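Below is one structure, written out as structure tokens; comments come after it.
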Amino acid sequence: MKSKEASEWVKAMNSQLKTHANNGSWTLIRRAAGVRPIGCRWVFAKKRNEHGRVVRFKAQLVAKGIKQKFGVDFFETYSPVANMNSIRVVLSVLVAKSYV
2 MKSKEASEWV
12 KAMNSQLKTH
22 ANNGSWTLIR
32 RAAGVRPIGC
42 RWVFAKKRNE
52 HGRVVRFKAQ
62 LVAKGIKQKF
72 GVDFFETYSP
82 VANMNSIRVV
92 LSVLVAKSYV
């Protein structure tokens, strides 16, 4: 990295990797023969306060999901995430109908 802020970006990347390690988000394994893993890349963002000053450097390691093949190991390679508003609506309906 040749940016003036390179040290800040490296700190943000290390923080992201440490978070993954602490959460047990992944496990390093040997690649099986004939298997092409899904790649990943870094996405960087500067978080600013109301005055426009940078308050945080954020780095996220994201999967290149476009490399997936539909229907092949779909549930092993994709983790669906529910919207919190949807969960609240379902819980509200359950309570209103006295199911809970």
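Each residue of the sequence shown is one higher than the one before, counting from 2 in the numbering used here. A virtual CB, placed ideally from N, CA and C, is assigned to each residue, including glycine. Computed from a predicted model, the values in this text were never measured in an experiment.
Reduced DSSP secondary structure (H/G/I, E/B, other) of residue i
| i | result |
| --- | --- |
| Leu-62 | strand |
| Trp-43 | strand |
| Lys-121 | Nothing can be reported for residue 121, as the shown portion of the chain is limited to 2 through 101. |
| Arg-54 | coil |
| Arg-32 | coil |
Test item: CB-CB of residue i and residue j under 7 Å
| i | j | result |
| --- | --- | --- |
| Ala-13 | Ala-60 | yes |
| Gly-40 | Lys-65 | yes |
| Val-63 | Val-44 | yes |
Inter-residue spacing [alpha-carbon to alpha-carbon] between residue i and residue j
| i | j | result |
| --- | --- | --- |
| Glu-9 | Phe-58 | 7 Å |
| Leu-29 | Glu-6 | 30 Å |
Residues of its chain near residue i, where Cβ-Cβ distance is below 6 Å and the 5 sequence neighbours each way are ignored
| i | result |
| --- | --- |
| Leu-95 | Val-101 |
Neighbourhood of residue i by C-beta, 8 Å cutoff - its chain only, sequence neighbours within 5 removed
| i | result |
| --- | --- |
| Pro-38 | Arg-32 |
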